[in-house]
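Chains as they are written, first to last, in my numbering: chain W, 1 to 290; chain A, 1001 to 1290.
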């Protein structure tokens, strides 16, 4: 999907949130926002929104000389998510369909997002909704068919905090399909609260799969922005779980039924693009969605 | 009050709303928004927010070659407001304190605003709130003292639609203080849904006071942007009613107890500046507010 006019509000809101974390001084924020405005005036928009966010965020971190404004917030939300883990593990273990249960948990984690236009989020409420209401679109049967035959699964990670819940899904998949090669793609450099290698210390993700990175700080996976290893794995993967709205925004540019999008619709642009209500939970291929 | 970082979101939202009215084509909107971004990258921000809106709006109308995007909306809201007039006249006539009643009506009209970050508004609910709950800050006693002794009242108008309710206030003032010279200042050129001479046809405002205009399309009255007549009247006026949030944003730059601000707090920046909750109704001098 391409940038829409409403995305400009989101770019500026993202910029304001990031500047607020780095500095409480209005002068700093306005200096950064003027530079963001310059970037926005010079950019070409026939692309997916996350490819613009890279320039917006890059301009702020350059102006205010701070590489990773969300570093503390990312740590905080990893800790918050870890508090839920014991209960959630039990929920998955007690479920008849463990894969579906783990997918329910993973989607709820997608509410932890400082990029989309969401003002406040409630993890507990979102977990309850995911468990009770389930998904508006759910391609789990096709996913099971594909993963049973698959040799390689690529998981495109999204945000810190959320990754703790994703680990429960990946662990469940590893238990159910022990011969599967699992790859976990993280962001190559910090952008918003997206998860990088720096943000997963102590979470044990490396015990589940091989960690790879995209090479550009874009809050949506874009194949051309990867190094050769990452490109190769993306190309050869039999099944791909694309986690989060940002990865949907970029990868919806391709028709690829290997890709299962797992996310919550969190902004009006995606809501309109899919013609599905905000806060719907989605686990689906593009061909089932639009 | 000066521009705050959050105002950037409002500038962009205003720009999107105006472009949407002129054209439904994303290409047009993005072209206009890129130009707005250029303007925002080149502007100095040590001023009140409405002085920036002039450039934002000016850029859009220039890019999309349309002088007055809100012209039809302004007509529509004049008509809508006129439907309330008979009932509101009766309410004022039946009130013991006719001036207070008319001020209640006038403030409710301030909800008709396409500039501030308000998404939806409900005129009837706002009228009920104004009548039942009254004002968070109310300087009516001082206003009565001043207007009793005054020779000249200047009313700084705000938006179309709203002006219909303001007329009821001005008519009430004229009835109570028949010797008062009343001047009504309109915007000199179109900006957002602010009221210009073009928008008051058939409303009979000229029967109540002398119409004057500011010379720049700024959604907040700024003395330096007026012609000599307007400047002279502003200087000599004994009492000034400054209607609407935009006029508060600009005139709060001055300490002037002739000025009574009559408005609803409608955005988070004004909310924080005054440390008073959004949607509070205000009728007060600056010295009573901040």
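Here a beta-carbon is modelled for each residue, glycine too, at the ideal position from N, C-alpha and C.
Query	Result
Within chain A, the residues that residue 45/W reaches when beta carbons sit closer than 7 Å	1030
Below-8 Å beta-carbon distance, residue 5/W vs any chain A residue	yes
Whole runs of the beta strand (DSSP E) within the region 1222-1275 of chain A, excluding any shorter than 3 residues	1239-1243 and 1259-1264
Proximal residues to residue 157/W (C-beta, below 7 Å), its chain only, five neighbours per side dropped	163, 166, 184, 185, 186, 195 and 243
Residue 96/W, buried or exposed, once every other Cβ within 10 Å from all chains shown has been counted against 16	exposed
Residue from 1080/A, 1132/A and 1023/A whose Cα sits closest to the Cα of residue 1109/A	1080/A
Minimum C-alpha distance to residue 1017/A - residue among 1116/A, 1287/A, 1139/A and 1136/A	1116/A
CA nearest to the CA of residue 33/W, picked from 1029/A, 1038/A, 1098/A and 1130/A	1038/A
Spatial neighbours of residue 138/W in its chain, beta-carbon cut-off 6 Å, leaving aside the 5 residues before and after	283
Completely contained beta strand (DSSP E) runs for the region 1039-1086 of chain A, where each covers 3 or more residues	none
Residue 1245/A versus residue 188/W - alpha carbon distance	45 Å
Distance, residue 113/W Cα to residue 1174/A Cα	56 Å
Limits of the unbroken beta strand (DSSP E) element including residue 1185/A	1181-1186
DSSP three-state assignment for residue 150/W, whether helix, strand or coil	coil
Residue range of the unbroken alpha helix (DSSP H) whose run includes residue 1008/A	1007-1022
CB of residue 214/W within 8 Å of CB of residue 230/W, strictly	yes
Members of the region 11-26 of chain W that neighbour chain A once the beta carbon cut-off is set at 9 Å	11, 12, 13, 15, 16, 19, 20 and 26
CB of residue 1298/A within 8 Å of CB of residue 1085/A, strictly	With chain A covering 1001 to 1290 only, the question about residue 1298/A has no answer from this structure.
Within chain W, partners of residue 1108/A - CB distance below 9 Å	Simply none; closest approach about 27 Å.
Close beta carbons around residue 22/W, own chain, < 6 Å, minus the five adjacent residues each side	64, 66 and 69
Within chain A, partners of residue 248/W - CB distance below 7 Å	Within 7 Å Cβ-Cβ: nothing; residue 248/W doesn't reach chain A, min ~19 Å.
Partners in chain W for residue 1239/A, counting only beta-carbon separations shorter than 7 Å	Chain W residues near residue 1239/A: none, gap ~34 Å exceeds 7 Å.
Sub-8 Å separation of residue 1045/A and residue 30/W beta-carbons	yes
Residue-level contact to chain D via CB, residue 38/W, 8 Å cutoff	Reference to chain D is not applicable here, since the protein chains of this structure are W and A.
For residue 1284/A: DSSP bridge partner residues	1261/A
Span of the beta strand (DSSP E), counted from its first residue to its last, around residue 213/W	210-213
Closer than 8 Å to chain W by CB, residue 1274/A	no
8 Å Cβ cutoff, residue 64/W in contact with chain A	no
Chain-ordered chain A contacts of residue 269/W [CB-CB under 7 Å]	What residue 269/W touches in chain A: nothing, since even the nearest Cβ is about 11 Å away.
For residue 111/W, the nearest candidate out of 126/W, 103/W and 12/W (CA to CA)	126/W
Selected residue, minimal CA-CA separation from residue 1024/A, among 6/W, 148/W and 240/W	6/W
The alpha helix (DSSP H) enclosing residue 297/W, as first and last residue numbers	The structure shown does not extend to residue 297/W, since chain W spans only 1 to 290, so no value can be given for it.
Span separating the alpha-carbon of residue 1180/A from that of residue 1151/A	5 Å
Residue 171/W to residue 56/W span [Cα, whole Å]	35 Å
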